[in-house]
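Participant: All you need for the numbering used here is the position in the sequence shown, starting with 1, plus 2.
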Amino acid sequence: MRLRRRRSGLPVDGRAVVERHLAVWPRLTAEEQSRLLELADWLLSHKRWEAARGFELDDTVRVVVAAQAALLVLGLTTDHYRLVSGIIVHPSTLQTSGLQAGPVPGTVTADRLAVLGLAQSGRGPVAVAWDQALAGAHASERGHNVVLHEFAHKLDMLDGTIDGTPLLPREVRADWVRVCTEVYDDLVAGNPRPPMRWYGATNPGEFFAVATEVFFEQSQELAAFEPDLYDVLRRFYRQDPAAR
Ligand SMILES: [Zn+2]
3 MRLRRRRSGL PVDGRAVVER HLAVWPRLTA EEQSRLLELA DWLLSHKRWE AARGFELDDT
63 VRVVVAAQAA LLVLGLTTDH YRLVSGIIVH PSTLQTSGLQ AGPVPGTVTA DRLAVLGLAQ
123 SGRGPVAVAW DQALAGAHAS ERGHNVVLHE FAHKLDMLDG TIDGTPLLPR EVRADWVRVC
183 TEVYDDLVAG NPRPPMRWYG ATNPGEFFAV ATEVFFEQSQ ELAAFEPDLY DVLRRFYRQD
243 PAAR
């Protein structure tokens, strides 16, 4: 892995790259579009960007990943990414080796795991697979977005624990805990709660990351089938994607 010495922001054709690859772009207001570009520029110039395994980062790779991370915090602040030390882009599925957080909280496995992305705990980097990140930008697989998923984990860590509860405004907290607990417990009990995916029943941290993907990528279904869950996510993210 090689560090980029000069940290450059959004390239001159950055806006054109976002227009070409970000499916949600035409549905954003002009104000949201300029905010998204500002946030992407900030991420590109303030975070360390690395390529893994001989992969090369070109402007398209950096801009497409940064734009999706920017979308997540469109209604929040750059301070919400203070635990993101950098972004590592892999060409495809990441092979983890050695000790790795297992599928059950508190367990580890020495198996090599193939994953689409990782969010290291504490002040650490986010790693994503480029093929998945590109597919996510184009919304090719409904309800799936690896960049939103991994960056949501970083938001979850801001209060010191990955427990499915990010730093919430006080007026949202009670509703958040009540609604998320109800849906999570029901999923864990084996009852389908579409459009939530089963992976959300892995643990509360994965519940929040999956709920985030669904909130942005299947917003109308979530608002229709799980209006309370949609509502607490809307109040946290300060965005209303179903209205786009
Ligand atoms: Zn996850």
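For every residue, glycine included, the Cβ atom is placed at its ideal position computed from N, Cα and C.
Any contact of the region 141-160 with the region 177-184, i.e. 3+ C-beta pairs under 8 Å?
Facilitator: Flag = no, the region 141-160 and the region 177-184 do not touch.
Participant: Quick test of the definition: if touching needs 3 or more C-beta pairs under 8 Å, does the region 82-95 touch the region 39-59?
Facilitator: Flag = yes, the region 82-95 and the region 39-59 touch.
Participant: So residue 25 packs on residue 139, CB below 8 Å; how close in whole Å?
Facilitator: That pair is a contact at about 7 Å.
Participant: What whole-angstrom Cβ distance do residue 78 and residue 39 have, given they're in contact under 8 Å?
Facilitator: That pair is no contact at about 16 Å.
Participant: Taking the alpha carbon of residue 14 as the point to measure from, which residue in 143, 28, 58, 62 has its own alpha carbon closest?
Facilitator: Ranking the options by Cα distance to residue 14, first place goes to 62.
Participant: Given that a residue counts as buried once 16 or more other Cβ atoms are within 10 Å of its Cβ, and exposed if not, what is residue 60?
Facilitator: Counting Cβ neighbours within 10 Å, residue 60 comes out exposed, since fewer than 16 surround it.
Participant: Output the boundary residues of the beta strand (DSSP E) element that contains residue 10.
Facilitator: Where residue 10 is concerned, there is no enclosing beta strand (DSSP E), given that its DSSP letter is neither H nor E.
Participant: For residue 145 versus residue 215, is the C-beta spacing smaller than 8 Å?
Facilitator: In this structure, residue 215 lies closer than 8 Å to residue 145 by Cβ.
Participant: Is any heavy atom in ligand 1 found nearer than 7 Å to the beta carbon of residue 18?
Facilitator: Checking the Cβ of residue 18 against ligand 1 gives no.
Participant: Looking at the secondary structure, which residues open and close the alpha helix (DSSP H) in which residue 134 lies?
Facilitator: Residue 134 -> alpha helix (DSSP H) spans 132-139.
Participant: Just how far apart, CA to CA, sit residue 37 and residue 47?
Facilitator: When rounded, the distance between both Cα atoms is 15 Å.
Participant: Considering only heavy atoms of ligand 1, list every residue whose Cβ is less than 6 Å from one of them, following chain order.
Facilitator: Counting every residue whose Cβ lies closer than 6 Å to a heavy atom of ligand 1, we get 151, 155, 208, 211.
Participant: In the DSSP assignment, find the alpha helix (DSSP H) that holds residue 34 and state where it starts and stops.
Facilitator: First-last of the alpha helix (DSSP H) with residue 34: 32-48.
Participant: Suppose the cutoff is 7 Å on Cβ atoms and the five residues either side in sequence are ignored; what does the same chain contact list for residue 213 look like?
Facilitator: The answer, listed in chain order, is 198, 202, 231, 235.
Participant: Assign residue 94 to one of three DSSP states: helix, strand, or coil.
Facilitator: It is coil, neither helix nor strand.
Participant: In the DSSP assignment, what are the bridge partners of residue 51?
Facilitator: Answer by DSSP bridge pairing, in chain order: 89.
Participant: Would residue 161 be called buried (16 or more neighbouring beta carbons within 10 Å of its own) or exposed?
Facilitator: The residue is exposed, with fewer than 16 neighbouring Cβ atoms inside 10 Å.
Participant: Where does residue 28 fall in DSSP's three states?
Facilitator: Helix, per DSSP.
Participant: With residue 67 and residue 98 assumed to form a contact (beta carbons below 8 Å), what rounded beta-carbon distance in angstroms separates them?
Facilitator: No, residue 67 and residue 98 are not in contact; Cβ-Cβ is about 19 Å, not under 8 Å.
Participant: Does residue 244 come out as helix, strand or coil in the three-state DSSP assignment?
Facilitator: In this structure, residue 244 counts as helix in the three-state DSSP scheme.
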